[in-house]
Amino acid sequence: MRMIALLSALALATTGCAAFSDNSGAGDGPIQVAAAFYPLQYVTQRVAGDLATVENLTQPGKEPHDLELTIKETAEIVDAGLVVYESGFQPTVDDAIDQNSTGDVLDVADVVHLVPFREHGVDSDETDPHFWQDPLRLADVGDAVAKQLSKIDPDHAHDYETNAADLRSDLETLDRDYANGLTGCARDTIVVSHDAFGYLQKYGLTMEAILGLSPDSEPTPADLARLQDLIGKDGITTVFSETLVSRASADALARDMGVRSEVLDPIEGLSDQTSGEDYLSLMRSNLSALEQANGC
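For the sequence shown, the tail end lands on 376 under the numbering used here, and the numbers increase by one without skipping.
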């Protein structure tokens with residue numbers, strides 16, 4: 081931690097007055113914003129438009145749960161006029177912000193209502209960080225970003241508010257499409273690789289995960305036996321793996337049960353295969369996959 085602070089101090093010293101100007105919102109150039117991972121980058125860029133430069137601290141293809149910041153990414157936190165992150169989701173980001181941020185900070189965990197992680201229908205002491213699976217919660221983040229940017233750059237407050245309203249309109253349409261598309265399905269249970277989709281339960285789905293909240297954990301024989309029984313009993317047609325992590329556990333379960341193995345994107349980050357997509361298009365792809373799997 082001392083090394084991070086030392087390197088960050090060096091980065092601050094080399095950026096000098098330009099960094100101070102950006103942080104104050106008084107410079108002629110765009111505001112520098114650091115977003116901790118892709119959904120936050122997407123929202124912030126939609127709200128900021130051309131008035132800010134938004135850098136993603138989690139590089140494409142990297143799993144955000146396991147992020148280790150480089151010197152460059154730590155310097156981006158130092159130089160940012162605004163850092164947008166979710167406390168508790170990426171501990172290294174939390175530590176770097178506590179030690180090195182010099183501008184404004186927006187913790188989206190203070191904006192959205194995080195629900196408890198549920199395992200086999202029972203609430204745990206942990207909260208589920210994957211709130212962006214609910215478009216309306218993501219819209220609330222957009223409003224908060226607009227408010228924060230307006231504080232930094234009051235001359236363009238109307239632009240930020242207008243962009244946030246446009247984003248909310250898109251996300252409300254997406255929310256309605258999910259509600260309508262997942263009504264009247266033949267099945268309502270989804271088997272996924274890790275528990276990144278709990279917020280979709282608002283649409284009447286039941287989520288069963290091979291792994292827990294961490295995509296790096298390993299399923300126990302008891303977990304696999306329970307899921308095998310569930311797949312056979314409920315007539316589940318599909319086991320969903322995901323991008324950015326290994327498909328091995330999901331593929332093996334699907335193969336053993338003679339059902340399809342498909343991908344459901346948790347949209348934690350973009351990959352080489354999804355680099356041309358965005359949050360809205362990936363959410364709609366997920367909706368189509370869910371409709372097909374559950375006979376909607």
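The beta carbon of each residue, even a glycine, is placed where N, CA and C say it ideally should be.
Rank Leu247, Ala302, Cys376, Lys231 by C-alpha distance to the C-alpha of Gly161 and give the top, closest one.
Lys231
Could you check whether Ser351 and Thr323 sit closer than 7 angstroms to each other, using their CB atoms as the reference points?
yes
Sequence ranges, alpha helix (DSSP H) only - wholly within the stretch 288-371, length at least 4:
301-314, 328-337
Does the beta-carbon of Lys142 have 16 or more other beta-carbons within 10 angstroms, so that it is buried, or is it exposed?
buried
Given a cut-off of 7 angstroms on the beta-carbon distance, is the pair Thr269 and Asp314 in contact?
yes
Return the bridge partner residues of Asn136 from the DSSP annotation.
Ala115
Exposed or buried, what is Gln228 when buried is set at 16 or more other beta-carbons lying within 10 Å of its beta-carbon?
buried
Tell me whether Leu285 sits in a helix, a strand or coil according to DSSP, three-state version.
coil
Give the single residue among Gly312, Asn243, Val343 whose Cα lies nearest to the Cα of Arg327.
Val343
Considering only the alpha carbon of each residue, which of Val271, Leu367, Ala176 lies closest to Tyr165?
Ala176
In its own chain, which residues sit with a C-beta less than 8 angstroms from the C-beta of Arg248, not counting the 5 before and 5 after it?
Ala219, Gly222, Asp223
Spatial neighbours of Ala266 in its chain, beta-carbon cut-off 7 angstroms, leaving aside the 5 residues before and after
Asn374, Gly375
Where in the stretch 125-202 do unbroken runs of the beta strand (DSSP E), each at least 3 residues long, occur, reported from the N-terminal end onward?
132-136, 162-165, 184-187, 196-199
If you draw a straight line from the alpha carbon of Arg306 to that of Leu120, how long is it in whole angstroms?
35 angstroms
Candidates Thr150, Glu371, Glu135, Met363: which alpha carbon is nearest Leu216's?
Met363
Taking 8 angstroms as the threshold, find out whether the stretch 237-246 comes into contact with the stretch 120-137 through three or more Cβ pairs.
yes
Helix, strand or coil at Thr207 according to DSSP, with G and I counted as helix
strand
When the Cα atoms are used, what is the spatial distance from Ala276 to Asn180?
30 angstroms
Return helix, strand or coil for Ala373, following the three-state DSSP convention.
helix
Unbroken beta strand (DSSP E) run spanning Thr269, endpoints:
269-272
Have a look at Trp212 and Gly338 and give me their C-alpha separation to the nearest angstrom.
32 angstroms
Go ahead and pull the three-state DSSP assignment for Pro110.
coil
Residues of its chain near Asp187, where Cβ-Cβ distance is below 8 angstroms and the 5 sequence neighbours each way are ignored
Tyr165, Glu166, Ser167
Range covered by the alpha helix (DSSP H) that runs through Tyr279
Taken as a continuous stretch (DSSP letters only), Tyr279 belongs to no alpha helix (DSSP H), as it is neither H nor E.
So, for Val195: in the same chain, excluding its five sequence neighbours on each side, which residues have a beta-carbon less than 6 angstroms away from its beta-carbon?
Asp208
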